[in-house]
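What follows is a single structure, written as structure tokens, with notes after it.
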Amino acid sequence: MKFGYGNNTSFLNQLEKRSLTYIGGLAKNRKVIIKKQDDIKEEIRLDKLAESIPQKAFNLVQLSTKNAREVWVATLEVEISRMSGQKTIAIVMNAKSFSEATDINYYITNREDKYVTPEWIYSTYSQRNWVEVFYREAKGWLGLREYQVRDKISLKRHFILVFCAYTFIIWHQLTGGIRGVGLTNH
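In full-length UniProt numbering, the protein residues as written are 1 to 186.
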């Protein structure tokens, strides 16, 4: 799901009502509820929570891609106001400590805890980036600047892009993408 949708509580509730699993980005100022000692709950901003997490709680994740990237990921169970149940959040940094990090991202998922690993969160969210890049590029190829649907023509263009993005996802899954079919220069 696109990054900002993780902040849209009503949208996430609709996904959960339909038993759909999601992973999305959260803003650093999003407040979450954590359990402290003796089951005392505290509401805290994500960036303040990240700053308070010990360095040893972050796991190194290395993606084996063309441009190998190392990130440090910590996962926690939290509650979100106006949502039911525990959610898993991930804090992903480009350095092993909060003070050294220059790029910090926050993610949320409703997937069951036994499946949620730092590797799963980072690789799953990284894969969705290809779809967004494709969608943005396709808009450019079609001469579209905005994606708001204002009339019938815009609606048709939007559905063409959605279908192309869906086709790209299926092709990527079946073939391994550009690298899988040998279309790269490497």
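Cβ atoms here follow ideal geometry from the backbone N, Cα and C, with glycine treated the same way.
Task: For Asp47, the nearest candidate out of Asn105, Lys28, Lys41 (CA to CA) - done: Lys28
- [ ] Helix, strand or coil for Leu20, going by three-state DSSP, please let me know.
- [x] coil
TODO: Please name the residue or residues paired with Gly25 in a DSSP beta bridge.
DONE: Per DSSP, the beta-bridge partners of Gly25 are Tyr107.
Task: Counted within 10 angstroms of its Cβ, other Cβ atoms place Arg30 as buried (16 or more) or exposed - done: buried
Open item on the list: Under DSSP, the beta strand (DSSP E) around Val162 begins and ends at which residues?
Closed with: No beta strand (DSSP E) holds Val162; the alpha helix (DSSP H) holding it covers 152-175.
Task: Contact check, Leu26 vs Ile104, beta carbons under 8 Å - done: No, these two residues do not count as a Cβ contact at 8 Å.
- [ ] Report the rounded CA-to-CA distance for Ser81 versus Leu161, giving the unit in angstroms.
- [x] Approximately 34 Å between the Cα atoms of the pair.
TODO: Just list the beta strand (DSSP E) runs in the region 34-66, keeping only unbroken ones of 3 residues or longer that don't cross its boundaries, in chain order.
DONE: 41-45, 59-63
TODO: Less than 8 Å between the CB atoms is what I'm expecting for Ile33 and Glu77, so what's the real figure, rounded?
DONE: In fact, because the Cβ distance is near 10 Å, the residues do not count as touching under 8 Å.
Open item on the list: Need the endpoints of the beta strand (DSSP E) that Ile91 sits in, please.
Closed with: For Ile91, the uninterrupted beta strand (DSSP E) segment begins and ends at 87-93.
Open item on the list: By the three-class DSSP mapping on this structure, what secondary structure does Val78 have?
Closed with: strand
Open item on the list: Rounded to the nearest angstrom, what separates Ala165 and Asp151 at their Cα positions?
Closed with: 21 Å
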